[in-house]
């Protein structure tokens with residue numbers, strides 16, 4: 040079963056985790072042929088989820104807010120050393136609980152690979168998501 044298929048097959052246990060899967064994948068696949076918005080969304084999503092504890096629904100709301108209010112997207116060059124885990128780490132999880140653990144481990148690995156750019160991501164998040172916007176988005 041695919042990673043997304045497993046998540047869709049267990050919506051009550053894994054539905055809130057799907058955004059983390061999407062953002063880890065987006066951040067891990069940065070490159071010159073990838074639209075800047077995809078990498079930016081992946082990185083800000085990882086920051087909000089892992090550093091600030093946002094839910095997947097709140098992160099998705101942040102993406103929607105940014106898409107409606109941004110016209111320029113920061114360019115993030117992929118890290119020299121890739122994350123130690125990939126989506127392959129998640130494939131074949133025997134239970135929803137194990138799947139969730141593996142997604143969190145993978146996402147943390149991807150975010151760690153971007154350690155040299157994390158301050159820039161945080162700065163961008165703070166510039167684009169004011170306290171009032173954050174409060175509104177987190178309440179979704």
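Numbering (the numbering used here), first residue to last: 40 to 179. Glycine included, C-beta positions come from ideal geometry on N, C-alpha and C.
Spatial distance of residue i from residue j (CA atoms)
i, j, result
"residue 124", "residue 68", "13 Å"
"residue 139", "residue 65", "18 Å"
"residue 81", "residue 47", "20 Å"
"residue 100", "residue 179", "7 Å"
"residue 144", "residue 171", "31 Å"
Chain C contact for residue i (CB, 7 Å cutoff)
i, result
"residue 63", "Protein chain content of the structure displayed is limited to a single chain, and chain C is not contained in it."
Closest residue to residue i among the options (Cα-Cα distance)
i, options, result
"residue 110", "142, 79, 87", "79"
"residue 76", "106, 148, 136, 149", "106"
"residue 60", "165, 141, 163, 154", "141"
"residue 180", "97, 162, 161, 157", "Shown here, the chain extends from 40 to 179; a query on residue 180 therefore has no answer."
"residue 114", "173, 72, 169, 44", "72"
Unbroken alpha helix (DSSP H) run spanning residue i, endpoints
i, result
"residue 76", "75-85"
"residue 159", "157-167"
"residue 71", "Looking at the DSSP string, residue 71 is not in any alpha helix (DSSP H), and its letter there is neither H nor E."
"residue 170", "170-177"
Backbone secondary structure at residue i - three-state DSSP
i, result
"residue 45", "helix"
"residue 136", "helix"
"residue 129", "coil"
"residue 109", "coil"
Worksheet item: Just checking, does the segment 144-155 make contact with the segment 81-93 on the three C-beta pairs under 8 Å criterion?
Response: yes
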